[in-house]
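All the letters of the sequence shown, read from the start, carry residue numbers 0 to 553 under numbering that gives the first Met the number 0.
For glycine and all other residues, C-beta sits at the position ideal for the given N, C-alpha and C.
Below: the structure, in structure tokens.
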Amino acid sequence: MGPVLAGVLQLLALTAALALAHKPLGTYMARVYSADRHWRAEKWIYRCIGADPDRQMRWTAYLRGVLAFSAVGVLFLYLLQRLQGVLPGSLGFASIDPDQAFNTAVSFVTNTNWQSYYGEQAMGHVVQTAGLAVQNFVSAAVGMAVAVALVRGFARSRTGELGNFWADLVRGVVRVLLPLAAVAALVLVACGVLQNFSGIHEVGQFLGGTRQWNGGAVASQEAIKALGTNGGGYFNANSAHPFENPTPFSNLFEIFLILLIPFALTRTFGVMVGSVRQGYAILGTMAALWLGFTALMMWTEFSHHGPAFDLAGGAYEGKEVRFGVGGSSIFAVATTLTSTGAVDSFHSSFTGLGGGITLLGMMLGEIAPGGVGSGLYGMLIMAIIAVFLAGLMVGRTPEYLGKKIGSREIKAAACYLLVTPALVLVFTALAMALPTPAHSMTNSGAHGFSEILYAYTSAANNNGSAFAGLNADTPWFNTTLGLCMLFGRFLPMVFVLALAGSLAGQRPVPVTSGTLRTDKPLYAGLLIGTIVVVTGLTYFPALALGPLAEGLAS
0 MGPVLAGVLQ LLALTAALAL AHKPLGTYMA RVYSADRHWR AEKWIYRCIG
50 ADPDRQMRWT AYLRGVLAFS AVGVLFLYLL QRLQGVLPGS LGFASIDPDQ
100 AFNTAVSFVT NTNWQSYYGE QAMGHVVQTA GLAVQNFVSA AVGMAVAVAL
150 VRGFARSRTG ELGNFWADLV RGVVRVLLPL AAVAALVLVA CGVLQNFSGI
200 HEVGQFLGGT RQWNGGAVAS QEAIKALGTN GGGYFNANSA HPFENPTPFS
250 NLFEIFLILL IPFALTRTFG VMVGSVRQGY AILGTMAALW LGFTALMMWT
300 EFSHHGPAFD LAGGAYEGKE VRFGVGGSSI FAVATTLTST GAVDSFHSSF
350 TGLGGGITLL GMMLGEIAPG GVGSGLYGML IMAIIAVFLA GLMVGRTPEY
400 LGKKIGSREI KAAACYLLVT PALVLVFTAL AMALPTPAHS MTNSGAHGFS
450 EILYAYTSAA NNNGSAFAGL NADTPWFNTT LGLCMLFGRF LPMVFVLALA
500 GSLAGQRPVP VTSGTLRTDK PLYAGLLIGT IVVVTGLTYF PALALGPLAE
550 GLAS
């Protein structure tokens with residue numbers, strides 16, 4: 000079997016698995032977030048945190064819950080790292096420096112999981128499991144809660160109430176993420192992924208010496224890392240490490256976990272707003288972009304330029320032979336079109352255009368299908384923009400799902416769209432203009448610029464992957480990337496929840512003959528065009544200086 004055919008068959012198998020899981024999981028999550036009863040375990044949690052799960056919240060109260068919970072998470076994880084040297088189970092590792100502890104705490108709380116450290120050489124069992132793994136669950140649940148709040152904004156009328164943040168958070172963890180992660184961890188253990196709490200031990204002979212490795216609860220963290228679109232790996236090599244991702248099957252299974260909940264949430268959206276067809280329209284848009292990006296990536300990486308490429312069957316530099324070009328390409332697109340950031344190959348070693356595709360996937364806003372929760376609310380923001388543009392073209396007040404898109408709604412959507420590009424472009428410009436950050440660049444020219452652009456794009460979009468050639472463990476990058484992650488995560492949530500509150504307070508608008516049908520292929524095409532045009536106009540100059548220049552020169 001040729002490598003191209005193997006890649007195509009993997010993509011077909013992945014698509015079939017996602018299609019089979021879409022309806023049951025999406026419907027189940029709709030029931031979870033619409034249920035009236037609380038499980039006994041959930042009631043115990045509510046008593047511990049002092050929350051009333053039955054009290055309905057307006058958008059401002061919901062936002063305060065999100066921000067307060069996340070602030071406590073940042074503080075707890077920061078202190079856990081700073082105290083690591085005196086904690087049991089630290090494996091002898093020292094406490095983390097202040098700037099890196101800040102960066103890591105913000106990274107995991109914001110669902111970014113950017114890592115400027117070697118996991119197996121810096122973090123002990125307590126920080127990995129009680130700190131990082133816990134945040135993998137709750138940060139994903141926060142994103143799902145905000146997405147559900149926006150869906151309720153469309154579904155409800157004449158009220159400003161969006162549900163209860165604490166109930167949504169707990170249900171997301173207890174009823175969705177924990178059961179799925181438990182099953183996924185068992186599958187990964189069966190594939191050969193580590194799951195233990197062993198200490199540091201020496202293995203093998205390498206160039207006359209030995210290498211030291213430590214074990215850990217890798218499979219359980221790997222499961223939620225992919226399922227919650229987190230991306231932070233137990234080891235520095237992330238999903239390219241054989242202890243995290245040993246076989247081609249485990250590689251494909253991890254991609255399945257990355258895409259599972261984001262795609263299924265479109266079904267949840269359709270059920271909760273009372274129109275499954277609307278959910279299919281969003282799903283179709285996401286799927287078309289994902290398949291298009293994957294096909295383009297496989298084409299660029301399988302394109303042969305000279306005898307070395309012909310003999311290898313593609314661009315193998317920086318890729319694991321056990322996954323091949325096809326598996327690595329599918330993984331790279333999945334991880335950058337979602338807010339995952341896990342890698343099974345080095346994106347810096349992709350072809351010039353291939354690296355540009357990973358960048359563009361994040362620049363779209365990671366909405367195809369995007370992160371857990373963040374992908375759905377990001378796509379719904381773009382849906383509102385598309386409806387607004389259609390209304391301008393026909394001279395009619397735009398409407399979406401029975402709600403008018405007035406000045407207040409479009410201002411919230413526009414502010415949401417402007418936050419991330421402003422963070423990416425401003426901080427990239429500062430890093431290129433100042434002398435010190437440039438010293439962290441391994442490469443010069445277009446590729447060196449792409450390293451900086453990729454880092455801030457990844458941070459502001461809460462992705463977490465890197466171009467690998469950049470030394471980001473410096474006070475400048477730890478601080479500025481941390482700020483990008485904070486603002487890139489929570490400022491958009493402010494506008495999403497403000498929009499949800501405005502929509503929930505409206506009266507429903509009756510459907511007329513002039514209403515734009517947003518559940519038809521025509522609208523899905525308009526939505527795709529809007530996404531591509533908005534992203535292109537925003538980022539094309541930066542892309543032209545980096546990956547496009549490199550790709551055209553090669």
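In three-state DSSP terms, what is residue i?
i           : result
residue 57  : strand
residue 250 : helix
residue 519 : coil
residue 398 : strand
residue 306 : Low local confidence applies: a pLDDT of 49 at residue 306 is under 50, so the model's placement there is unreliable, with the coordinate-based value given in what follows. Looking at residue 306 - three-state DSSP - the assignment turns out to be helix.
residue 135 : helix
residue 233 : coil
residue 535 : helix
residue 34  : coil
residue 120 : helix
residue 245 : coil
residue 64  : helix
residue 69  : helix
For residue i, I'd like the list of residues in its chain whose CB is within less than 8 Å of its CB, leaving aside the five on either flank, ordered along the chain.
i           : result
residue 492 : 62, 65, 145
residue 589 : As displayed, the chain neither begins before 0 nor continues past 553, which places residue 589 out of reach and without an answer.
residue 485 : 105, 109
residue 525 : 385, 388, 389
residue 87  : 125
Tell me which residues share the same chain as residue i and place their Cβ nearer than 6 Å to its Cβ, disregarding the 5 neighbours each side in the sequence.
i           : result
residue 220 : 132, 233
residue 508 : 398, 401, 403
residue 420 : 537
residue 330 : 254, 343
residue 307 : Any reading at residue 307 must be qualified, since the residue scores a pLDDT of 48, below 50, and its modelled position is unreliable; the value itself is stated next. So the list is empty, once near-sequence residues are dropped.
residue 188 : 194, 218
What are the boundary residues of the alpha helix (DSSP H) that includes residue i?
i           : result
residue 545 : It is not in any alpha helix (DSSP H) - residue 545 carries neither H nor E in the DSSP assignment.
residue 126 : Where residue 126 is concerned, there is no enclosing alpha helix (DSSP H), given that its DSSP letter is neither H nor E.
residue 493 : 474-503
residue 438 : First-last for residue 438: undefined, no H or E at that position.
residue 43  : 39-48
residue 156 : Where residue 156 is concerned, there is no enclosing alpha helix (DSSP H), given that its DSSP letter is neither H nor E.
residue 597 : The structure shown does not extend to residue 597, since the chain spans only 0 to 553, so no value can be given for it.
residue 217 : 217-226
residue 300 : 275-301
residue 83  : Run containing residue 83: none; DSSP gives neither H nor E here.
residue 376 : 373-393
residue 328 : 323-336
residue 506 : Segment: none, residue 506 is in no alpha helix (DSSP H) and carries neither H nor E.
residue 167 : 164-170
residue 99  : 97-108
residue 366 : No alpha helix (DSSP H) contains residue 366, which DSSP labels as neither H nor E.
residue 193 : Careful: residue 193 lies outside any alpha helix (DSSP H) and carries neither H nor E.
Using C-beta distances below 7 Å, list every residue in its chain close to residue i, excluding the 5 sequence neighbours before and after it, in chain order.
i           : result
residue 580 : Within the shown structure, residues of the chain are numbered from 0 to 553, placing residue 580 beyond reach of any answer.
residue 500 : 57, 58, 152, 159, 161
residue 239 : 319, 342, 343, 344
residue 497 : 58, 411
Taking the alpha-carbon positions, what's the residue i to residue j distance?
i           : j           : result
residue 104 : residue 514 : 47 Å
residue 471 : residue 552 : 27 Å
residue 119 : residue 213 : 7 Å
residue 372 : residue 5   : 32 Å
residue 410 : residue 151 : 20 Å
residue 181 : residue 365 : 26 Å
residue 225 : residue 339 : 7 Å
residue 249 : residue 326 : 11 Å
residue 458 : residue 483 : 6 Å
residue 24  : residue 164 : 21 Å
residue 490 : residue 550 : 34 Å
residue 52  : residue 542 : 46 Å
residue 222 : residue 414 : 34 Å
residue 277 : residue 521 : 13 Å
residue 530 : residue 363 : 7 Å
residue 475 : residue 435 : 8 Å
residue 380 : residue 408 : 10 Å
With a threshold of 7 Å, establish whether the CB of residue i neighbours any heavy atom of the ligand NAD.
i           : result
residue 216 : The ligand content of the structure shown is nil, which means the ligand NAD is not present either.
What are the residues that DSSP puts in a beta bridge with residue i?
i           : result
residue 469 : 440
residue 318 : 344
residue 403 : 398
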